[in-house]
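Report on one structure; see the data block that follows.
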Amino acid sequence: MHNLRQYDVPLHRYVAMMDLQERNERLFYKLLIDNVEELLPVVYTPTVGRGLPKVWGHFQASSGSFHQLEREVATRALTIGVFRGKILEVLKNWPEKSIQVIVVTDGERILGLGDLGCQGMGIPVGKLSLYTALGGVRPSACLPITIDVGTNNENLLNDEFYVGLRQKRATGQEYAELLDEFMLAVKQNYGEKILIQFEDFANHNAFELLEKYRKTHLVFNDDIQGTASVVLAGLISALKLVGGTLADHTFLFLGAGEAGTGIAELIALEISRKGLVVSSRAESLQHFKKPWAHEHEPVKELLDAVKKPLILALSNPTSQSECTAEEAYTWSEGHAIFASGSPFGPVEYDGKVFVPGQANNAYIFIFPGFGLGLIMSGTIRVHDDMLLAACNGSFGSSSDEENYAKGLIYPPFSNIRKISAQIAANVAAKAYELGLASRLPRPKDLVKFAESCMYSPIYRSYL
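Residues in the sequence shown are numbered consecutively from 0, following numbering that gives the first Met the number 0.
What follows is the structure, given as structure tokens:
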């Protein structure tokens, strides 16, 4: 850590951590786990957003797999030529055979940065690093994949150093057939219980892929379901500050994309109510927005109606946030409870210090433990009730009164692996209840079993 702290620029620390992961994986995770609060912003948001074009824009050896639509490329740690019809062959050649979780992207909607093509590979790599550090999934059981179908980013297409496929994105039947082949190959090679996490697909593909494969594969979309879960968990925790039940409150969404509609759907599952998109636009709305469309009279005096607003600015990285922590506390005159997708520092307002929360599923709270729960129970399908199980009672008690006094609705980083074990236990319990768990007999103490399944970066003694 002493050497790492010599770098003043976060991007330089990110590069140093990626180099360390390549040279000494065990030490990388030991460092990350022991210094989780300091290093999470380095290995993931917001720093990863700056690092993707600079670090992943050129060839380097590391730990991911690129599946391209047409031509052969040099990949991270492995040179593979992937043509349609040969994806299964490529997966069989991957050196690690006991893969339990895949994070896959096509690079079209990376964070709030848009279409980065194959430069988006840093996101699956980063997500799986968090699966290991926070959820205890073995590094050797993780496989990051980018499916390169081209890019519509003209800057990349004109960049002489861009290593991705130089063509406009494949769409329609061509795209669908490639994804079908990929999903079938994964299942054939790794079995029914392989967890496939869709990451940073554009809206028009994200909902369609989730709906298409959720009944035939163990799939999870972090942008839709993961974000919704961490927000719902935060809302449940925030009730201790704002009072009442979820049904007593009104929720306003800025935008109706993957995150917004996913959150609305999960809240609806929890309290059986609907969100806000105007129904008069029904014919022009995308299918995933239509359930939330209804008419509503304009609200003229919002601040009079909202005495203690809960504001979640979820876009990543920090530069893309809908508002800053300082703006939220200042405009609400210190009444707001604020959490964001990427970290903001403490804010002093009217003599009081407010500490912004971290409402980022990718960052800490839901998906590492959720994935561990699926893996340790041998779950074969993701059910919506498992998402609710991950939200309820998983970490609400971990936030003490001192944290609530600062406006924190999420627990501190120091407890993250314990929280992940509790989330995993809750998810596994629901899987057994629904008859979707295949690991039998059911462990008597699911929390202890989750902890026993967690990877620890320790060196064995041979003395």
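Ideal Cβ placement from N, Cα and C applies to all residues, glycine included.
Check	Outcome
How would you label A237, buried or exposed, when you count the other beta carbons within 10 angstroms and need 16 or more for buried?	buried
Helix, strand or coil: which one does DSSP assign to Y28?	helix
At which residues does the alpha helix (DSSP H) containing E176 begin and terminate?	G171 to Y189
Measure the CB-CB distance between E180 and I86 and report whether it falls below 8 Å.	yes
Of all the alpha helix (DSSP H) runs that stay within the bounds of the segment 125–156, which reach a length of 4 or more residues?	153–156
Based on the DSSP output, what are the partners of G356 in its beta bridges?	A338
On the DSSP letters alone, give me the boundaries of the beta strand (DSSP E) that I457 sits inside.	Segment: none, I457 is in no beta strand (DSSP E) and carries neither H nor E.
Is V41 helix, strand or coil when you go by DSSP?	helix
So the candidates are C141, C117 and S128; which of them puts its Cα closest to the Cα of N151?	C117
Of all the options K211, G233, V381 and F206, which has the alpha carbon lying nearest to the alpha carbon of S222?	According to the sequence shown, residue 222 is Asp rather than Ser. Cα-wise, what sits closest to D222 is F206.
Quick one: is S314 buried, meaning 16 or more other Cβ sit within 10 Å of its Cβ, or exposed?	buried
Pick from T170, M0 and L90: whose alpha carbon is nearest that of Q187?	L90
How many Å lie between G333 and E326 at the Cα?	10 Å
Determine the extent of the alpha helix (DSSP H) in which A420 is found, giving its start and end residues.	I415 to L433
When you compare each of H248, I262 and D247 to G254 by their alpha carbons, which one comes out closest?	I262
Does the structure place the segment 409–426 close enough to the segment 367–378 that three or more beta carbon pairs sit under 8 Å?	yes
Using 10 angstroms around the beta-carbon of Q172, count the other beta-carbons present and answer buried if the total reaches 16, otherwise exposed.	exposed
Could you compute how far the alpha carbon of R137 sits from the alpha carbon of L127?	10 Å
Only counting runs of 3 or more residues, tell me where the beta strand (DSSP E) segments fall wholly within the segment 199–279, in order along the chain.	217–220
Which residue from E153, K306, G119 and R165 puts its Cα closest to that of P143?	G119
K192 bridges to which residues according to DSSP?	According to DSSP, K192 bridges with nothing at all.
State the CB to CB distance for the pair T44 and L110, rounded to an integer number of angstroms; the pair is presumed to be in contact (CB under 8 Å).	7 Å
Taking the alpha helix (DSSP H) that E325 belongs to, which residues open and close that run?	A324 to W330
Would you report the Cα separation of L26 and S451, rounded to the nearest angstrom?	20 Å
Which ranges does the alpha helix (DSSP H) cover as unbroken runs of at least 4 residues, wholly within the segment 79–108, from first to last along the chain?	86–92
Among residues of its own chain, excluding the 5 on either side of V352, which ones have a beta-carbon nearer than 8 Å to its beta-carbon?	P345, V346 and K405
Do I193 and I101 have their C-beta atoms closer together than 8 Å?	yes
Taking only the alpha-carbon atoms, compute the straight-line gap between F337 and A389 and give it to the nearest angstrom.	22 Å
Considering only the alpha carbon of each residue, which of E264, A358, I266 and L245 lies closest to I477?	Shown here, the chain extends from 0 to 462; a query on residue 477 therefore has no answer.
Looking at the structure shown, is Y161 part of a helix, part of a strand, or coil, going by DSSP?	coil
Could you check where the alpha helix (DSSP H) with E463 kicks off and where it finishes?	In this structure the chain extends from 0 to 462, so residue 463 is not present and cannot be described.
Hey, would you say G134 sits closer than 8 Å to S413, going by beta carbons?	no
Pull the bridge partners of V346 from the DSSP assignment, please.	F353
Between which two residues does the beta strand (DSSP E) harbouring I310 extend?	L309 to A312
Note the first and the last residue of the continuous alpha helix (DSSP H) segment covering N391.	First-last for N391: undefined, no H or E at that position.
Distance check for G370 and D7, CA to CA, integer angstroms please.	34 Å
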